[in-house]
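Going down the list, the protein sequences come from chains R and A. According to numbering that gives the first Met the number 0, the first sequence is numbered sequentially starting from 0. According to numbering that gives the first Met the number 0, the second sequence is numbered sequentially starting from 0.
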Amino acid sequence: MTSRKPMHRTLRQIFIAPLLVAIVSTLGLVGALVGDGWWDALSWVTLAVPVVLYSLFIWWRKPN
Amino acid sequence: MTAATRSLRRWGFVHKWTSLICTVFMLLLCITGLLLIFHEEIDDLLHSQVKPAEVAADAPLADLDHLLANAIANAAGQVPHFLIWDRDDPNAMFVSVGPSITSDPSKNLLIRMDAHTGAYLDAPDVTGRFTYIMLKLHTDMFAGLPGKLFLGLMGILFCVAIISGIVVYAPSMRKLSFGTYRAGRTRVVRWLDVHNLAGILLVAWTLVVGFTGVINTWADLVLKMWQYGQLAEMTAQYRDRSVPAKLTSVNGAVEVAAHAVPGMTPSFVAFPGSIFSSKSHYAVFLRGNTPLTSRLLKPALVDAETGTLTDSRDMPWYVSTLFISQPLHFGDYGGMPLKILWALLDVLTIIILGTGIYLWVRRRRAGVSVDRVIARSSNLESPALSS
Chain R
0 MTSRKPMHRT LRQIFIAPLL VAIVSTLGLV GALVGDGWWD ALSWVTLAVP VVLYSLFIWW
60 RKPN
Chain A
0 MTAATRSLRR WGFVHKWTSL ICTVFMLLLC ITGLLLIFHE EIDDLLHSQV KPAEVAADAP
60 LADLDHLLAN AIANAAGQVP HFLIWDRDDP NAMFVSVGPS ITSDPSKNLL IRMDAHTGAY
120 LDAPDVTGRF TYIMLKLHTD MFAGLPGKLF LGLMGILFCV AIISGIVVYA PSMRKLSFGT
180 YRAGRTRVVR WLDVHNLAGI LLVAWTLVVG FTGVINTWAD LVLKMWQYGQ LAEMTAQYRD
240 RSVPAKLTSV NGAVEVAAHA VPGMTPSFVA FPGSIFSSKS HYAVFLRGNT PLTSRLLKPA
300 LVDAETGTLT DSRDMPWYVS TLFISQPLHF GDYGGMPLKI LWALLDVLTI IILGTGIYLW
360 VRRRRAGVSV DRVIARSSNL ESPALSS
């Protein structure tokens with residue numbers, strides 16, 4: 000990335016990614032309650048999102 | 000100081016104190032909870048149990064009166080309170096017995112029975128088990144209802160800490176992009192990044208598991224409310240009757256109830272005189288067949304003198320809320336992969352709690368209060384904080 004960081008990020012910029020993660024994980028929490036089979040699979044994929052993102056950011060970052 | 004800064008400092012103050020008060024208890028809950036996610040597997044590993052007979056999938060079920068008689072024959076001087084179908088093993092059932100019908104049901108003995116042959120399997124004393132000790136620590140710390148309500152209060156503080164955490168996340172991230180981890184910096188900076196990232200990623204999960212946990216601490220109160228509310232209403236006209244000298248067939252009562260509420264499966268039967276029925280009724284509780292509706296119960300009251308149905312109603316919203324909040328807290332509704340995810344998210348929560356304590360200790364030692372740091376837009380460059 001060559002572009003310079005903006006000095007101040009807006010609230011929308013700060014919260015858009017967390018909001019998406021929250022929506023996706025809520026889908027997962029409800030999904031497995033609704034049905035079995037595919038619904039269970041949906042909850043496994045969506046609830047894995049926060050875990051995977053955490054691992055990516057902390058352990059598999061590109062070195063600057 | 001601007002109004003916005005003042006407000007942020009207030010949120011920082013709320014985040015600091017709600018977190019600090021509940022953290023030790025949340026650590027206890029996270030660690031015991033982590034083990035409890037796998038309570039079945041741990042029990043299987045540590046304890047052997049008699050297996051029900053191998054039968055074909057469509058084998059007929061045992062006559063319940065026969066099964067009950069076999070159970071009582073193995074429990075001298077005990078009377079049945081509840082007859083329970085095992086959710087996890089369709090080949091087994093439980094008969095919950097106590098010294099008298101009015102004795103405290105939380106001290107009952109659970110007798111496992113073979114659902115097909117009606118034979119006695121075993122009646123292990125679970126109170127010495129590792130998982131039982133974990134469960135007691137997790138639910139009431141061996142302090143009964145006050146312990147439960149106290150942990151519920153800690154849960155509420157945890158939820159407030161999460162919400163205030165979302166607010167103070169914003170100033171912390173003013174100059175940083177989402178997911179920033181400053182690996183080359185001092186530990187206090189790195190752990191702040193870990194705390195912020197894990198905290199914000201887990202907001203939905205921690206709020207749901209935290210709040211459903213709080214609801215579960217009110218279970219005793221909710222069930223009492225139902226007993227004195229809907230159940231009392233349903234049985235009002237029979238209040239003055241005593242327990243019949245000779246009860247009608249329990250198998251017959253379950254058939255009557257299942258016929259009256261088609262499409263539902265029996266979950267448990269409360270015997271006449273037990274806490275979940277009147278003195279003269281079998282209360283047959285039926286459940287639905289999807290993951291959601293299987294958590295919701297519908298009682299059907301069957302007169303234990305005549306064997307006829309007298310009433311059946313859906314349970315009120317406050318009981319349904321309790322029942323739905325249970326799987327959302329336990330994470331037991333989506334197979335082993337969901338349990339493993341629950342465990343991983345639990346471990347991340349422990350990391351959030353641990354880094355949170357560390358950040359508080361470091362800043363206190365450095366003489367920089369958390370709320371001031373937050374108000375200064377994560378200005379962590381001060382020499383006092385480098386180590």
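Don't be surprised by glycine CBs; every beta carbon is placed ideally from N, CA and C.
Whole-angstrom C-beta distance between F81 of chain A and F270 of chain A, which should lie under 8 Å: For the purposes of this step, residue 270 of chain A is taken as residue 271 along the second sequence, with counting starting at 1. For the purposes of this step, residue 81 of chain A is taken as residue 82 along the second sequence, with counting starting at 1. Yes, F270 of chain A and F81 of chain A are in contact; Cβ-Cβ is about 7 Å, under 8 Å.
Is the segment 227-235 of chain A in contact with the segment 260-267 of chain A, if contact means three or more CB pairs nearer than 8 Å? Touching, no.
Please go through the same chain and pick out, in chain order, the residues whose beta-carbon is closer than 6 Å to the beta-carbon of F210 of chain A, but skip the five residues on each side of it. As a working mapping, residue 210 of chain A is identified with position 211 in the second sequence. Beyond the five residues adjoining it in sequence on each side, F210 of chain A comes within less than 6 Å, by CB distance, of C158 in the same chain, given in chain order.
Have a look at the DSSP bridge pairing and note the partners of I83 of chain A. Numbered from its first residue, the second sequence carries residue 83 of chain A at position 84. I83 of chain A pairs with A:F93 and A:F267.
Alpha helix (DSSP H) segment containing F37 of chain A, residue limits: Here residue 37 of chain A is taken as the residue at index 38 of the second sequence, counted from 1. For F37 of chain A, there is no enclosing alpha helix (DSSP H), as DSSP marks it with neither H nor E.
Distance between G251 of chain A and L201 of chain A (C-alpha atoms, nearest Å): On the second sequence, position 202 is the one that residue 201 of chain A refers to. On the second sequence, position 252 is the one that residue 251 of chain A refers to. Those two C-alpha atoms are separated by around 49 Å.
Compare the C-alpha of L285 of chain A against each of A:V301, A:I274 and A:S273 and name the closest. Residue 285 of chain A sits at position 286 when you count from the first residue of the second sequence. The shortest Cα separation from L285 of chain A among A:V301, A:I274 and A:S273 belongs to A:V301.
Tell me, please, whether the CB atom of T185 of chain A is closer than 8 Å to any CB atom in chain R? Here residue 185 of chain A is taken as the residue at index 186 of the second sequence, counted from 1. No, its Cβ sits nowhere closer than 8 Å to a Cβ of chain R.
Could you check whether the Cβ of I161 of chain A sits closer than 8 Å to any Cβ belonging to chain R? What you label residue 161 of chain A is simply residue 162 of the second sequence in a count that begins at 1. Not an interface residue.
DSSP three-state call for D302 of chain A: helix, strand or coil? Counted from its first residue, the second sequence places residue 302 of chain A at position 303. D302 of chain A falls in the strand class under three-state DSSP.
Where does M112 of chain A fall in DSSP's three states? In the second sequence, counting from the first residue as 1, residue 112 of chain A sits at position 113. Shown here, M112 of chain A sits in a strand according to DSSP, grouped into three states.
C-alpha distance - G287 of chain A paired with V49 of chain A, whole-angstrom precision: Working through the second sequence from its first residue, we reach residue 287 of chain A at position 288. Working through the second sequence from its first residue, we reach residue 49 of chain A at position 50. For G287 of chain A and V49 of chain A, the distance between alpha carbons rounds to 29 Å.
Pull up the distance between the alpha-carbon of L19 of chain A and that of A160 of chain A, whole angstroms please. One-based indexing of the second sequence puts residue 19 of chain A at position 20. One-based indexing of the second sequence puts residue 160 of chain A at position 161. Within the model, the alpha-carbon separation for L19 of chain A versus A160 of chain A is close to 9 Å.
Where the alpha helix (DSSP H) containing V145 of chain R begins and where it ends: This structure gives no information on residue 145 of chain R, because the portion of chain R shown stretches from 0 to 63.
Test: L19 of chain A CB closer than 8 Å to a CB of chain R: In the second sequence, counting from the first residue as 1, residue 19 of chain A sits at position 20. For L19 of chain A, the answer is no, since every Cβ of chain R falls outside 8 Å of its Cβ.
Closer than 7 Å at the beta carbon, the chain A residues around L10 of chain R: Taking the first sequence and counting its residues from 1, the one referred to as residue 10 of chain R is at position 11. Correct list: A169.
C-beta neighbour in chain R for N378 of chain A, strict 8 Å: Looking up residue 378 of chain A in the second sequence gives position 379. For N378 of chain A, the predicted structure reports a pLDDT of 45, less than 50, and the residue's modelled location is therefore unreliable. The matter cannot be settled from this model.
P290 of chain A beta carbon less than 8 Å from that of L41 of chain R: Translated into positions along the first sequence, residue 41 of chain R becomes position 42. Translated into positions along the second sequence, residue 290 of chain A becomes position 291. The Cβ atoms of L41 of chain R and P290 of chain A do not sit closer than 8 Å to each other.
Taking the Cβ atom as the reference point for each residue, do P17 of chain R and I214 of chain A lie within a distance shorter than 8 Å? Translated into positions along the first sequence, residue 17 of chain R becomes position 18. Translated into positions along the second sequence, residue 214 of chain A becomes position 215. A distance of 8 Å or more separates the beta carbons of P17 of chain R and I214 of chain A.
Pairwise C-alpha distance: N90 of chain A and Y119 of chain A: As a working mapping, residue 119 of chain A is identified with position 120 in the second sequence. As a working mapping, residue 90 of chain A is identified with position 91 in the second sequence. Their Cα atoms are separated by approximately 12 Å.
Starting from L32 of chain R, find everything on chain C with Cβ-Cβ shorter than 7 Å and list it in chain order. Of the protein chains in the structure, R and A, none is chain C.
Given a cut-off of 8 Å, decide if P79 of chain A and L67 of chain A are closer than it, judged by their beta-carbon atoms. Here the question's residue 67 of chain A lines up with position 68 in the second sequence. Here the question's residue 79 of chain A lines up with position 80 in the second sequence. Yes, the pair counts as a contact, with Cβ atoms nearer than the cut-off.
Within 8 Å, strictly: CB atoms of L52 of chain R and V29 of chain R: The residue labelled residue 52 of chain R in the question sits at position 53 within the first sequence. The residue labelled residue 29 of chain R in the question sits at position 30 within the first sequence. L52 of chain R places its beta carbon 8 Å or farther from that of V29 of chain R.
Find out if the Cβ-Cβ distance for the pair W39 of chain R, L337 of chain A is shorter than 8 Å. Indexing the first sequence from 1 puts residue 39 of chain R at position 40. Indexing the second sequence from 1 puts residue 337 of chain A at position 338. For the sequence presented, residue 39 of chain R should be read as Asp rather than Trp. Yes, these two residues count as a Cβ contact at 8 Å.
Within a Cβ cutoff of 6 Å, which residues of the same chain sit near W10 of chain A, ignoring the five residues on either side of it in sequence? Residue mapping note: residue 10 of chain A aligns to position 11 of the second sequence, counting from 1. Excluding its 5 nearest sequence neighbours in each direction, W10 of chain A has C-beta neighbours in its own chain below 6 Å: S163, V166 and V167, listed in chain order.
Please tell me whether S6 of chain A has its Cβ less than 8 Å away from any Cβ of chain R. Within the second sequence, residue 6 of chain A is the residue found at index 7, counting from 1. Taking 8 Å as the threshold, the shortest C-beta distance from S6 of chain A to chain R does not fall below it.
Check whether chain A comes within 8 Å of T1 of chain R, counting only Cβ atoms and requiring the distance to be less than that. Walking along the first sequence from the start, residue 1 of chain R turns up at place 2. Any reading at T1 of chain R is ruled out, since the residue's pLDDT is 42, under 50, leaving its predicted position unreliable.
Look at the alpha carbon of S105 of chain A and the alpha carbon of T185 of chain A, and state the distance between them as a whole number of angstroms. By 1-based counting over the second sequence, the position of residue 105 of chain A is 106. By 1-based counting over the second sequence, the position of residue 185 of chain A is 186. Cα-Cα distance, rounded: 52 Å.
Please name the residue, chosen from A:G76, A:I323 and A:A182, that lies closest to W59 of chain R on a Cα-to-Cα basis. Position 60 of the first sequence, counted from the start, is the residue given in the question as residue 59 of chain R. Here the closest residue by C-alpha is A:A182.
How many Å lie between M0 of chain R and L150 of chain A at the Cα? Start at 1 with the first residue of the first sequence, and residue 0 of chain R comes out as number 1. Start at 1 with the first residue of the second sequence, and residue 150 of chain A comes out as number 151. The predicted model places M0 of chain R with a pLDDT of 42, which falls under 50 and marks its position as unreliable; any figure quoted below should be read in that light. The C-alpha of M0 of chain R lies about 47 Å from the C-alpha of L150 of chain A.
State the DSSP-derived secondary structure class of A342 of chain A, mapped to helix, strand or coil. The sequence position of residue 342 of chain A within the second sequence is 343, counting from 1. It is helical.
With a threshold of 8 Å between beta carbons, is F37 of chain A in contact with chain R? Walking along the second sequence from the start, residue 37 of chain A turns up at place 38. No, F37 of chain A does not count as interfacial toward chain R.
Starting from F284 of chain A and walking both ways along the beta strand (DSSP E), at which residues does that stretch end? Here residue 284 of chain A refers to the residue found at position 285 when the second sequence is read from its first residue. Element bounds for F284 of chain A: H280 to R286.
Which residues of chain R have a Cβ atom closer than 7 Å to the Cβ of A342 of chain A, listed in chain order? The count along the second sequence starts at 1 and reaches residue 342 of chain A at position 343. One finds nothing in chain R with a Cβ atom closer than 7 Å to the Cβ of A342 of chain A; even the nearest lies about 10 Å away.
Using three-state DSSP, classify L191 of chain A as helix, strand or coil. For the purposes of this step, residue 191 of chain A is taken as the residue at position 192 of the second sequence. It is helical.
Amino acids of chain A, ordered along the chain, whose beta-carbon sits closer than 8 Å to that of L19 of chain R: Residue mapping note: residue 19 of chain R aligns to position 20 of the first sequence, counting from 1. Ordered by position in chain A, no residue passes the 8 Å Cβ test against L19 of chain R, which lies about 10 Å from the chain.
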